[in-house]
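Input: a single structure, listed below in C-alpha cells.
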Amino acid sequence: MKKIIYAAAVVCLFFAVVSCKSTKAGKKASDKDNAPVETEAKAEEASETTASEEKTSDEAGEKKDSEALARSVSETASKDFTGWIKSSKKNLNERYGKIQIKTKSGIGSYTLAVLNEKDKPIPVVSTANEYVTNAFFLKTSKKIYNLVTDSSVRSAARRTTGGAMIMYEVPSVAQISVDLSCFSSDKKKDSDMIKVTTTIKNISDRNEDFTFKAILDTVLGEAAAFHFYTWEDIPVKSEVLYRTLQNQKWFVSKNMNAAMQLFFSGADCTAPELVALANYSTLEKNSWEPDMLSYRVFDTVLSYNNSAVCAIWKPMKLAPMEAGKLVFYIALSGDGTPATGEKFVYSKEFEKAEESKEDAEDKKNSANGLKVITPYSVDDEVENISETSNVTEIDSLETPAEIPTVDFYIKNMQKEHLTPEYIQSLLDRIEALEEDSPSLNRQELLQLNAELDAILTYLRQ
C-alpha cells in the first residue's frame with residue numbers, strides 16, 4: 001500500500017514538473033513572437049517621424065524656392081509693368097453703346113461685336129481659337145514678335161472709361177499699349193465707333209526701329225456675296241494690296257445684318273505703308289509683308305471663305321524711353337444699315353457734301369414747285385390755243401460735253417495714276433458701271449475707259 005501511494009506521489013510530481021516547463025516555454029515563445037511586432041511598430045513609428053520631417057523640410061524648401069523665384073521675377077520685370085499686370089489678368093466683356101469688346105487678358109487677344117436692335121451681339125471679327133487670329137505684330141531690327149502668341153511677350157488688359165486697353169511687354173525691348181476707345185459718330189446715336197490708338201515705347205538702352213502690323217480676321221463678308229467693298233461701294237472680288245490710300249477713303253465688310261468700316265486715312269489717322277485685303281492663310285505666313293498674287297480669289301483649296309485685313313505702318317525710329325503713336329478707326333452698324341463713320345472721320349467733307357446736296361434739292365424743289373393757276377373760261381382757252389408766244393422753239397440740241405481725249409490724260413499723268421492699285425480701282429469701277437445697266441452713266445464709263453487707255457499707252461512708252 002505504501003508503495004502504491006509512493007508511486008502515485010512520484011507521478012504527480014513528474015506531471016507538475018513537466019507542466020511548469022511547458023508553461024515557461026510557452027511564455028518564452030510568446031515573448032519571442034511579440035518582440036518582432038513591437039520592433040516593427042517602433043520602426044514604423046520612427047519611419048513616419050522621419051517622413052514627416054522630410055516632408056516639412058521639402059515644403060520649406062519649395063516655399064524658399066518660390067519666394068526666390070518671385071524675388072527674381074520682381075527684380076527682372078519692369079516696375080511699370082508689374083504694377084498693372086497683377087490687377088488686369090481677368091478677361092473683359094464690356095459693352096459701350098452698340099459695341100461689345102471682349103478680351104483674353106492672359107494672351108492679349110480680343111474680339112469685337114456690334115449689338116443689333118434686340119441687343120444681341122453680332123461678331124465683326126473672329127471669335128474662334130481664343131481670338132488669336134486678331135493679332136498685333138512688332139518688328140525690330142532683330143526679330144518679329146507676334147504679341148498674342150509669342151511666349152516671351154507678357155500681356156494684360158484693363159477696362160477704361162470708354163473702352164478697353166490691351167498691354168504687351170517684350171522684356172528689355174518695348175512696351176506696347178492698344179487703346180480701344182468707343183464713341184459716337186453722331187450726337188443722336190449710341191457709341192458706334194472705335195478709335196484704335198497704339199503706343200509703342202522703347203525700353204531698350206539703344207535707338208531702335210519699330211514697325212507695327214495689325215491683322216483683323218473679318219467675318220461679315222464671309223456670309224455675303226463679296227468679302228469687301230471700297231468706299232464707293234464697289235465689291236472687291238480678289239485679293240488686293242494697296243501701297244497708297246489716296247483713292248480709297250475706307251473699306252467695308254458687311255452682310256445683310258451688320259456692317260463694319262475700316263478707316264486708315266482721314267481725321268488723325270496714321271497712314272499705313274500698305275493695306276492688304278486677302279485670305280487669312282495669305283496673311284498668317286511668317287513673312288512680314290503678305291505674298292500677294294494679283295487677281296487671286298479670296299477662297300483657296302486649303303482655306304475656304306476666310307478673309308482678313310492686314311495693315312502695316314511705316315517704321316518709327318525711337319530713342320530709349322521714347323514713344324510713338326499710331327491711329328486708325330472702326331465704325332459699326334448692327335441694324336442692317338450702312339455704318340456712318342465718315343460723318344466723323346471726314347466731317348468737313350461730309351458737311352460740305354451735305355450742304356451741296358441740300359442746295360441741289362432746294363433748286364430741284366423750286367424748279368418743280370407748283371404754281372397757282374387762276375380760273376379761266378372756255379372762251380379764253382379757245383383764244384389762247386392759237387397763241388404760241390410763250391412756247392420756246394428749239395432750233396438745235398445742245399452739244400454734249402466733249403469727252404477728254406487720251407492725250408489730255410497723258411499730259412496730266414501723275415505717279416499715283418500708274419500704280420497697280422489705281423488701275424485695279426478703275427477696272428472695278430468700269431465693271432460695276434457695266435453691271436448696273438439700268439442706271440448706266442455712259443459719260444462716266446467713257447471717261448474711265450479713256451483714262452485707262454491713256455495709262456496703258458503711257459506705260460507702253
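full-length UniProt numbering applies: residue 1 is where the sequence shown begins, and numbers increase by one. Glycine residues also receive a C-beta, built at the ideal position from the N, C-alpha and C atoms.
Over what stretch of residues does the beta strand (DSSP E) that includes residue i continue unbroken?
| i | result |
| --- | --- |
| Phe251 | 251-254 |
| Val345 | Careful: Val345 lies outside any beta strand (DSSP E), inside the alpha helix (DSSP H) at 342-345. |
| Pro121 | 121-123 |
| Asp268 | Counting along the chain, Asp268 falls outside any beta strand (DSSP E), and DSSP gives it neither H nor E. |
| Glu94 | 92-96 |
| Glu273 | Note, Glu273: premise wrong, no beta strand (DSSP E); not H, not E. |
| Gly163 | 163-170 |
| Lys188 | Neither: Lys188 is in no beta strand (DSSP E) and is coded neither H nor E. |
| Thr103 | 99-104 |
| Asn146 | 144-146 |
| Ser155 | 154-160 |
| Thr230 | 228-230 |
| Leu418 | First-last for Leu418: undefined, no H or E at that position. |
Within the continuous alpha helix (DSSP H) that includes residue i, where are the two ends?
| i | result |
| --- | --- |
| Leu283 | 280-283 |
With distances taken between CB atoms, is the gap from residue i to residue j smaller than 8 Å?
| i | j | result |
| --- | --- | --- |
| Leu318 | Asn449 | no |
| Thr197 | Lys325 | yes |
| Ala174 | Ile200 | yes |
| Gln261 | Ala214 | no |
| Trp288 | Lys142 | no |
| Asn116 | Thr103 | no |
| Val124 | Ser109 | no |
| Ala258 | Gly341 | no |
| Val153 | Val178 | no |
| Leu245 | Ala271 | yes |
| Phe344 | Ser204 | no |
| Ile122 | Ala128 | no |
| Lys195 | Tyr96 | no |
| Ile101 | Leu180 | yes |
| Met256 | Gly162 | no |
| Lys228 | Ser253 | The residue you asked about is not Lys; residue 228 is Phe in the sequence shown. Result yes, Cβ atoms of Phe228 and Ser253 sit closer than 8 Å. |
| Glu94 | Arg158 | no |
| Phe251 | Lys237 | no |
| Asn247 | Tyr422 | yes |
| Leu274 | Arg243 | yes |
| Arg296 | Glu239 | yes |
| Phe136 | Ile144 | no |
| Asp209 | Pro320 | no |
| Ala432 | Ile166 | no |
| Phe212 | Trp313 | yes |
What three-state label does DSSP hand residue i in the structure shown?
| i | result |
| --- | --- |
| Gly221 | helix |
| Ser307 | strand |
| Ile455 | helix |
| Gln246 | coil |
| Pro338 | coil |
| Lys237 | coil |
| Leu448 | helix |
| Asn116 | coil |
| Ala128 | coil |
| Ala432 | helix |
| Ile176 | strand |
| Ser356 | helix |
| Ser109 | strand |
| Ala77 | Because the pLDDT at Ala77 is just 39, under 50, the model does not fix this residue reliably, and the value given afterwards should be weighed accordingly. Three-state DSSP puts Ala77 in coil, outside helix and strand. |
| Pro290 | coil |
| Ser151 | coil |
| Ser425 | helix |
Based on DSSP bridge pairs, tell me the residues matched to residue i.
| i | result |
| --- | --- |
| Met316 | Phe210 |
| Met193 | Phe183, Ala331 |
| Phe137 | Asn146, Lys213 |
| Lys201 | Gln175, Ala323 |
| Met260 | Ser253, Leu332 |
| Leu277 | Val240, Val309 |
For residue i and chain B, any beta-carbon pair shorter than 8 Å?
| i | result |
| --- | --- |
| Asp291 | The question asks about chain B, but that chain is absent: this structure has only one protein chain. |
Report yes or no: do the region 219-237 and the region 149-167 share at least 3 C-beta pairs separated by less than 8 Å?
-> no
Indicate whether the contact test is met: 3 or more Cβ pairs, each with one atom in the region 273-286 and one in the region 307-315, closer than 8 Å.
-> yes
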